[in-house]
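Each residue of the sequence shown is one higher than the last, beginning at 665 in our numbering. All C-beta atoms, glycine included, are put in the ideal place defined by N, C-alpha and C. One structure below.
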Amino acid sequence: MSANVHGYMNLKVWFVFFLLVVMLPVGNASEQTDSTLEARNLEAQYLPDMEVTYISWRNIETTDGQLLDDLKMATYEVHRSNTMFQPGFQRDLTMIASDIPACYSTDLNEECSGKEHVLEHYPPPGKVNVRFIYYAVVTILRDGTVTDPVNLGISQTPPGHVEDTAPIQSPQNFTATYDASNKSTHFSWRPACTGSNYNYILYQHNEPATRSTWDDIEKVITTEEISQNVSEYTLDWTYESYYQSIEREVYYTLTCLYPPYCDDEACYPASEDVRFYTDNTLAEPITEDTSVPRYSGHLLAEYDREDSTTSLQWTKVVEKDISSILLYHSTNPIVSVVQENVTVLAELPADSVEFIHQLTPDWMTTSYYALGLVDSSGNVQTDNFDVLGKVGPVLERMLPISITSLDVEIQNSTTLLFSWDIDSRFSQGDAVLWKSEVTTPDISVAWTEVMRLNPAEGEFYYSVDEVERSWYAITLEGTWGSSSSIHIDDRIEANTNAFYLLPEFELNGETDQEESSEDDKIQLPEFGITLLESNRSIKNGDWITLTSQTNSTHEFSFSSEQNNSTFRWTNALNDNPFWYGATSGDGIFTIAVDYPVKLIHIESTNVNGEIDIVRVGIDWNYVESIKPVEEENQTVTDDKKSSTEEQSVSPILIIMISLMAAYIVFLQVQRRPERKLFREEE
């Protein structure tokens, strides 16, 4: 083709460019008042030897304070295309950089006005027939408004920018990442090899690879050929076929291998581009470590309702290369963190030894805790928890008993009416009705589950064969507040969620006698006693629990609303009770209970001979239980000593008594002849 033809063709090309330039909008807005904040003086410089493009532009030059404030909140996007940009173009297809601050909030106005920006961009391998590239900068205002006028020479590079890269037959953007959580190494890349007759080859080596050292370094192909239609690959170190416990630093390289082939003209050897223009080899090694750490210390938990906390303490971590500690929480015993309801409570530094779990006001949960380790390679302990490395169950109950004011009414000889109030913070679940014929203060073998009820109904009719003296209690099993885990609140407290049914039986044969003696009875107020220390009143059949500050003797005083009554008490849990009298003075009665009696009956007999009973439970201070035990042991020792002394003295006393008896008999025998002679003389 002649030079004239070439000149004519170039003239046509430049004429077309001239028409495009004339047709595109060119911004004429003054920089001083340009509220669109359009980028200025956009230029692109391509360096062929390095195959890199430097894109530069600047902010508007203005002294307007409002515009400068807007610049400090604005960002830029940079776009690249092989066709000229038009306003409103589709940005997600051409963007190469985003979120570039126009200014920083700490910049002075003088620094922000006209501030210059430079972006380094490595263009991908190009083709000879698509060489002309356009760049555009878009401004994103603080309210999300997009400024994309893409005026030539202002926010878009003018025509004629050329980026002619050499053909490269190797993958680009090659990366390798080790995932300690699933013990695998993941590779990703950008496919860039042309043709269809090639496969990927993955190498591993112990030193970095360069074009000049590739033939000399020792390298191993880690796997078979990787298909060309993928852009990622994973080495799973848990596969039994090549599982191994590894702990190393290693480099990887990915290439495109073209096998040898022949055509009609010649045969060609295998080819592999190892110039590493596309960073298809790792510049820095990655660490692969499949060894999971295991905590060997001791974990403790202490719940404090007053502070709304559970304090977790543990012995210091002595394992090496530990980066952090993970505290796990669950409502079930923890075997593995992959099980249901296991959450990470906190991640703490490796040298920490304590954590305070702050509980919400409506927290009602049975908690289990476990401590796991994370090493510097990212391996996480998810199971194999040592017995001492976990703790539970921990009863964390921030709310009082949610069933209150339990009452049982006798409707007839076979029907009881239960009624109760329920705390509104109880979300959902079941109420459990219990029965016990033994007066025990907690759920034990003496309690028997009767049935499950709907706690929201507030009352329930219960049919029995015969109304008899019994304890009844209602507990809850469900969720409270914002918690989604089911909790069993098995606490039982008299006069709250427990009621002692004491029916009054009247014999027909005694009806006339009771009516005849009705006039002889003294009118008395209803029975009741008032505890002086707490000013609490209890009636017939009630049960109250007192708290002792020591573990020796607990003494309490009370007054009675019925004058001239007598009081006695006994251990309620003793099968053969021994009754003790209450001391009195000036209408005040006092009872002293010795450790470890937990429950007593107090019986009152008024002037009419009527008997009333109340029950008092004692919560002893078990923290101080060591001293009373020592005193009790000392008492037992003294008793044994006294018993031994008595056993040593008893034989002597017996001998002395026997001698005295023999002497008396002897005297009696000697006196009988004298009495006989005296009678004969008479």
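Specify the secondary structure class of residue i as computed by DSSP and reduced to three states.
i, result
"residue 810", "strand"
"residue 1065", "coil"
"residue 1219", "strand"
"residue 805", "coil"
"residue 734", "helix"
"residue 756", "helix"
"residue 994", "strand"
"residue 776", "helix"
"residue 950", "strand"
"residue 1092", "strand"
"residue 1166", "coil"
"residue 1322", "helix"
"residue 1075", "strand"
"residue 729", "helix"
"residue 877", "coil"
"residue 1004", "coil"
"residue 1187", "coil"
"residue 1018", "strand"
"residue 709", "strand"
"residue 849", "strand"
How would you label residue i, buried or exposed, when you count the other beta carbons within 10 angstroms and need 16 or more for buried?
i, result
"residue 1043", "buried"
"residue 1290", "Residue placement at residue 1290 is flagged as unreliable, the pLDDT there being 42, under the threshold of 50; the coordinate-derived value follows with that caveat. Exposed, since its Cβ has fewer than 16 Cβ neighbours within 10 Å."
"residue 1115", "exposed"
"residue 984", "exposed"
"residue 959", "buried"
"residue 1421", "Residue 1421 lies beyond the range of the chain shown here (665 to 1346); nothing can be said about it."
"residue 750", "exposed"
"residue 1355", "Nothing about residue 1355 can be reported from this structure: the residues present for the chain run from 665 to 1346 only."
"residue 1148", "exposed"
"residue 813", "buried"
"residue 768", "exposed"
"residue 1281", "buried"
"residue 1166", "exposed"
"residue 820", "buried"
"residue 669", "Its pLDDT being 33, under 50, residue 669 is placed unreliably by the model, and nothing is read from it."
"residue 851", "buried"
"residue 909", "exposed"
"residue 1347", "As shown, the chain starts at 665 and ends at 1346. That puts residue 1347 outside it, with no answer to give."
"residue 981", "buried"
Have a look at the DSSP bridge pairing and note the partners of residue i.
i, result
"residue 1122", "DSSP output for residue 1122 lists no bridge partner at all."
"residue 883", "869"
"residue 1115", "1097"
"residue 1054", "1034"
"residue 941", "According to DSSP, residue 941 bridges with nothing at all."
"residue 967", "974"
"residue 836", "854"
"residue 979", "Bridge partners of residue 979: none, in fact."
"residue 1028", "1061"
"residue 890", "864"
"residue 1207", "1279"
"residue 1257", "1218"
"residue 1264", "1235 and 1280"
Tell me which same chain residues have a C-beta within less than 6 Å of the C-beta of residue i, skipping the five on either side of it?
i, result
"residue 1244", "1233"
"residue 1052", "962"
"residue 1101", "1134"
"residue 694", "none"
"residue 979", "961 and 962"
Can you name, in chain order, every residue of its own chain whose Cβ lies under 8 Å from the Cβ of residue i, other than the five neighbours on each side?
i, result
"residue 1085", "1067, 1068, 1069 and 1122"
"residue 924", "931, 932, 933 and 934"
"residue 900", "846, 847 and 848"
"residue 1189", "1225 and 1226"
If you drop the 5 nearest sequence neighbours on each side, which residues of the same chain put their C-beta closer than 7 Å to that of residue i?
i, result
"residue 863", "889, 890, 891, 892 and 921"
"residue 765", "739"
"residue 1260", "1284"
"residue 1163", "1070, 1071, 1072 and 1136"
"residue 1006", "992, 994 and 998"
"residue 1060", "967, 974, 1023, 1027, 1029 and 1031"
"residue 1186", "1271 and 1272"
"residue 1358", "Residue coverage of the chain in this structure runs from 665 to 1346, which leaves residue 1358 outside it and unanswerable."
I'd like to confirm something about residue i: is its beta-carbon nearer than 7 Å to some heavy atom of the ligand MG, or not?
i, result
"residue 1086", "You won't find the ligand MG in this model; it holds no ligand whatsoever."
*Are three or more beta carbon pairs between the stretch 1184-1201 and the stretch 1215-1234 nearer than 8 Å?*
Three or more Cβ pairs drawn from the stretch 1184-1201 and the stretch 1215-1234 lie within less than 8 Å of each other, which places the two stretches in contact.
*Inspect the CB distances between the stretch 866-886 and the stretch 1069-1081 and report whether three or more fall short of 8 Å.*
no
*Sufficient close CB pairs (3 or more, under 8 Å) joining the stretch 833-840 to the stretch 852-863*: Touching, yes.
*Give a yes or no on contact between the stretch 940-957 and the stretch 987-1003, applying the rule of three or more CB pairs nearer than 8 Å.*
no
*Are the stretch 767-776 and the stretch 720-729 in contact at 8 Å, needing three or more beta carbon pairs?*
Short answer: they touch.
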